[in-house]
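Anchor point for the sequence shown: position 109 equals 182 in the working numbering, and the numbering is continuous, going up by one each time.
Below: one structure, written as structure tokens.
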Amino acid sequence: MLAALTLPLTLLVLLSGQAEAAPCPGPTLLDDFEAHARAGERAFAAMDLPGLTRARQEALDGLPCLQERVTPPVAAEFHRMMAMAAFTQGDEKQVRAEFHAARRLDPGHLIPAAVAPAGHPLTQLYEAAVEDPEAGRALEPVIPPIGGMAAVDGADNGLRAVGLSAIIQTFGPEGSLERTVFVMPTEPTPAFGPLPLELAQRKRRRLVLGISAGVSGLAAGGLWAGGLVTEAQFSDLAEPVDDQDLRALRVRNNALMTGAYSAAAITAGLGGALVWLW
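If you want it as structure tokens, here you go:
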């Protein structure tokens, strides 16, 4: 469908490959990001390929710098612009995938006639993208940071459709935006925190360490109290005591105090491990 519309190689080079994100030039607001997506659509309508390339690059560069949460309609605009860039490359599969991602977010949107009139190959692909080009596409959860959450294309469920590009944002425990990343269709779904199994294992380790530290702490206290008792026995001796009995008391006192120090050291070590693991 797209073979006859493929652009000259010199222009395709401008749009080929995944753009490398440049260092953040500064904070990006959602309105700025949306403006880049709309500029790309206008450039496509005007057959302004350098303008489309520039809008696409500026949108990709601005993504990591976003200071606001992406909304589904804005994400849909971005996916439509990416589809138009893929269209100029003759990549029909990518066009359909990007359009499908857009239609999942904004199903009622229609491509303006000024951009592509009815019957245009782009419009035909957009209409065909109502259905998933890969039926039964799997959904994968984005593992959020501990105590936080992840949003995919503005949706709270944190589910990314495998094989579709996605804008992924993570938020901290207090809801503050931590990062924004763009995942290409062939890239794996990222994880920003431990997997559920790792969390369960970590909880079990914390529980075992906590119990062990508590037991050793109680043991240290008991041994220390026993040592104090034997010391009190020394001072309470009113009559001369047999040397053998005295030595026995001293041995008992030393053993109890040594055990108390050892148990206290173990408790400190377990407590330190628990703090580090927490």
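Glycine is no exception: its CB is placed at the ideal position from the N, C-alpha and C atoms.
Here the structure is a predicted model, which means the values were calculated and not measured.
Uninterrupted alpha helix (DSSP H) stretches inside the region 123–180 (no shorter than 4 residues): 145–161 and 165–178
For Pro-217, does the count of other Cβ atoms within 10 angstroms reach 16, so buried, or fall short, so exposed? Taking the first residue of the sequence shown as position 1, residue 217 is located at position 144. Burial call: buried.
Along the chain, where does the alpha helix (DSSP H) that runs through Thr-262 open and close? Position 189 of the sequence shown, counting from 1, holds the residue named residue 262. No alpha helix (DSSP H) holds Thr-262; DSSP gives it neither H nor E.
To the nearest angstrom, how far is the alpha carbon of Pro-81 from that of Arg-129? As a first step, residue 81 must be located in the sequence shown, where it is residue number 8. As a first step, residue 129 must be located in the sequence shown, where it is residue number 56. At Pro-81, the pLDDT of 38 sits below 50, so the modelled position is not reliable and the matter cannot be decided from this model.
Run of the beta strand (DSSP E) containing Glu-213, from where it starts to where it stops: For the purposes of this step, residue 213 is taken as residue 140 along the sequence shown, with counting starting at 1. Note, Glu-213: beta strand (DSSP E), 212–214.
Around the Cβ of Arg-210, are there at least 16 other Cβ atoms within 10 angstroms (buried) or fewer (exposed)? Residue numbering aside, residue 210 sits at position 137 when the sequence shown is read from its first letter. Exposed is the call here.
Answer yes or no: do Gly-262 and Leu-139 have a C-beta to C-beta separation smaller than 8 Å? As a working note, residue 262 is residue 189 in the sequence shown. As a working note, residue 139 is residue 66 in the sequence shown. In the sequence as presented, Gly is not what sits at residue 262; that position holds Thr. In this structure, Leu-139 does not lie closer than 8 Å to Thr-262 by Cβ.
With H, G and I counted as helix, E and B as strand and the rest as coil, what does DSSP make of Leu-198? Walking along the sequence shown from the start, residue 198 turns up at place 125. Helix at Leu-198.
Classify Glu-107 as helix, strand or coil using the three-state DSSP reduction. Here residue 107 refers to the residue found at position 34 when the sequence shown is read from its first residue. Helix, per DSSP.
Out of Asp-164, Ala-186, Gln-242 and Val-147, which has the shortest C-alpha to C-alpha gap to Gly-221? The residue labelled residue 221 in the question sits at position 148 within the sequence shown. Minimum Cα distance to Gly-221 is reached at Gln-242.
Exposed unless 16 or more other CB atoms sit within 10 angstroms - verdict on Gln-167: Against the sequence shown, residue 167 aligns to sequence position 94. The residue is buried, with at least 16 neighbouring Cβ atoms inside 10 Å.
Is Met-154 close to the ligand SAM? I mean its beta-carbon at under 7 Å from any heavy atom of the ligand. Among the components of this structure there are no ligands whatsoever, and the ligand SAM is therefore not found.
Sequence-distant residues of the same chain with beta carbon closer than 8 Å to Pro-258, five excluded per side: Position 185 of the sequence shown, counted from the first residue, corresponds to residue 258. Same-chain partners within the cutoff: Gln-167, Ala-170, Gly-236, Leu-237 and Ser-238.
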